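Each residue of the sequence shown is one higher than the one before, starting from -1 at the first, in our numbering.
Beta carbons: idealized from backbone N, C-alpha and C, even for Gly.
Note that this is a predicted model, so its numbers are computed, not measured.
Notes to accompany the following structure.
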Amino acid sequence: MENQLEYSGKESADAAVTRREALHNDGGQFGHISGKLWLATSWAILASFSFGLCGVCIGGILVNANFGIKFAELAHLKEINGIASIFHAGGFVGVMWSAYASDAWGRKASFGVNTIPYIVGAILCVVAKDLNYLWAGRALAGAGSYGLFYSAQIYVMELAPAKARGLLGSLSNGIAVEIGYILGAFLSVAYVDWAGPTGTGSDWSWRFPFLLNILPVAIFLAMYPFMPESPRWLVQQGRADEALIVLTTLHSSKHDPEQIFAIAEHQQIVSQFQLDTTLPHSWMSMFTTYRRRTFTALLIMFGFLLGGAYYLATYGPQLFAGFGYSTRKSVLFQAATLCFLIINWIGCFLVDRVGRKPFLVIGLTGELICLCILAALSKYYSKGESTAGANAFVAFYMLNEFVVAIMEPCAYLMSAEIYPLHVRTKGVAISFGFLALTNTWVIEASSTMIQALGWKGYLLFICFSAFNVVMWVIFLPETKNVPLEEMARLFGEEGAAQVAPVKEAYHGNA
-1 MENQLEYSGK
9 ESADAAVTRR
19 EALHNDGGQF
29 GHISGKLWLA
39 TSWAILASFS
49 FGLCGVCIGG
59 ILVNANFGIK
69 FAELAHLKEI
79 NGIASIFHAG
89 GFVGVMWSAY
99 ASDAWGRKAS
109 FGVNTIPYIV
119 GAILCVVAKD
129 LNYLWAGRAL
139 AGAGSYGLFY
149 SAQIYVMELA
159 PAKARGLLGS
169 LSNGIAVEIG
179 YILGAFLSVA
189 YVDWAGPTGT
199 GSDWSWRFPF
209 LLNILPVAIF
219 LAMYPFMPES
229 PRWLVQQGRA
239 DEALIVLTTL
249 HSSKHDPEQI
259 FAIAEHQQIV
269 SQFQLDTTLP
279 HSWMSMFTTY
289 RRRTFTALLI
299 MFGFLLGGAY
309 YLATYGPQLF
319 AGFGYSTRKS
329 VLFQAATLCF
339 LIINWIGCFL
349 VDRVGRKPFL
359 VIGLTGELIC
369 LCILAALSKY
379 YSKGESTAGA
389 NAFVAFYMLN
399 EFVVAIMEPC
409 AYLMSAEIYP
419 LHVRTKGVAI
429 SFGFLALTNT
439 WVIEASSTMI
449 QALGWKGYLL
459 FICFSAFNVV
469 MWVIFLPETK
479 NVPLEEMARL
489 FGEEGAAQVA
499 PVKEAYHGNA
């Protein structure tokens, strides 16, 4: 190993940090990602995929002709918005519940308990006889979906080595969610065909999508017994020896046969946790002691959500229909548009090299430009009288999804990685709780707003996006390659743990 430092039992803490960096650099981005870590990440990907699939399926169902006949009362916009937004309202409850479960019972247990409302909610929608079934089912499904998504972010953050955290985190949030979106959107085309243009097809054309949502969670539960617990949660519970076993298993590398990297990482986690026990850890401390971190996370979510990304993704088929396209074409455009989100695959391999902040700023700037063009097209061509105008709207809608894909993984990733261990569940709960609540009112109100105001409704999203581009440039730090235990220095806080002398700590004095 070219960069292996000369080993000394008396080395300083700084030298140990240097050693850890040298070992990490020897293996490159993939050097300390074992097969078992890839498997654990794949497990978390299933959880986030379930969130995406369950969330997007309602868009195709709401334009399903058979569904429209079954629930004729949904002809009113208010009821349509309610069915779409209650999913996110339930998500807020799921996130807050998961924060407690993650701390009390473990990161794995948080996954497990959230599968219950997810499955029950899906079943209620499958057997729905009236709107009450749908309301209850979508609320429970939202709680379970958001809970699984929340748990996946924390789980992967705490398993990944620093220089691969962006890669693994992006795979388990943005990529996984977008795959769920894409699959759900293309299946919606098949379901619309199944229902027929007049709704004379089978009820299963809209019941089956709800049933299909259970499949990835069933696979997820089958894998549950074989997945590791978070080593950082184990340290919190006084189970440091178990944590070391997990780290040496997940971060093993042929470049580091003595597991020096994992040992140094373990010592840093233990040292930081010992310091954390002396620090505030209440919910109130999130807005006092850790206010800069909370402000940063909320600023990211605020900019991402109020750019209109979720509104456009949810109501895409209805927007296309407003330009004169048929129901089938509208749903097909939505599915094709989501394929542009494949750009996430490129971003996830670059985010640990380029950084989080450039992706966020470039993505939001691109969305701002697209929103301006969509507003202009809506002003002049939304009556469906111009084929060229309608086609241009579809093209820039697709381009908007492309630029959203650039920033989405980083928005979730950075909002989760900036918090210290002892308040991480609370901090991520605030971020993702804000995500759920904001989605609730954005989806509930924005379609009504745009229907009432027409193209002027886009101006709200444009103003928020312009404001947040400036705020992100000024206030967002860069977190790439920074270990979780050293995030404090980015926020002007004291106490970022340094690694104790490794050989002396674990193998006795030299």
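- In this structure, DSSP gives V61 a state outside helix and strand, which the three-state scheme calls coil.
- Close CB contacts of G431 within its chain, under the 8 Å cut and outside five residues either way in sequence, are with F90, V93, M94 (chain order).
- Of the residues P115, G80, G452, the one whose Cα lies closest to the Cα of N130 is G80.
- In the DSSP assignment, W202 falls within the alpha helix (DSSP H) that extends over 202 to 210.
- Ranked by Cα distance from A150, the first of R105, A388, L419 is R105.
- If only uninterrupted alpha helix (DSSP H) runs of at least 4 residues are considered, those enclosed by the segment 105 to 186 are 105 to 124, 129 to 157, 163 to 168.
- For H264, the enclosing alpha helix (DSSP H) begins and ends at 258 to 274.
- In this structure, V402 sits away from A464, with a CB-CB distance that is not shorter than 8 Å.
- Runs of alpha helix (DSSP H) with 4 or more residues, each lying fully within the segment 303 to 389, are found at 307 to 319, 325 to 336, 341 to 352, 354 to 379, listed in chain order.
- A direct Cα-Cα distance of roughly 49 Å separates S251 from C461.
- For the pair I416 and S429, the Cα-to-Cα distance works out to about 11 Å.
- Note that the segment 343 to 352 does not touch the segment 190 to 205; fewer than 3 beta-carbon pairs, one per stretch, sit closer than 8 Å.
- The count of Cβ pairs closer than 8 Å, one atom from the segment 316 to 329 and one from the segment 47 to 67, reaches three, so the stretches are in contact.
- Using a Cβ distance threshold of 8 Å, Q265 and P481 do not count as a contacting pair.
- Burial of W470 is indicated by the presence of at least 16 other C-beta atoms within 10 angstroms of its C-beta.
- In the structure shown, G301 adopts helical secondary structure according to DSSP, grouped into three states.
- Annotated three-state conformation of E406 is helix, per DSSP.
- In this structure, N398 and L372 form a Cβ contact; the two beta carbons are roughly 7 Å apart against a cut-off of 8 Å.
- The residue from G164, T292, L304 with its alpha-carbon nearest to that of L369 is L304.
- Its chain contains P418, L419, H420 as the residues whose beta carbon lies nearer than 7 Å to that of D274, once the 5 sequence neighbours on both sides are disregarded; these appear in chain order.
- By the neighbour-count criterion, in which 16 or more other beta carbons inside 10 Å mark a residue as buried, R136 falls on the buried side.
- Residue environment analysis places V215 among the buried positions, since at least 16 neighbouring C-beta atoms fall within 10 angstroms of its C-beta.
- The shortest CA-to-CA distance from A193 to any of E442, L242, A63, G182 is the one to A63.
- When Cβ pairs closer than 8 Å are counted between the two stretches, the segment 95 to 114 is seen not to touch the segment 433 to 453, the count staying below three.
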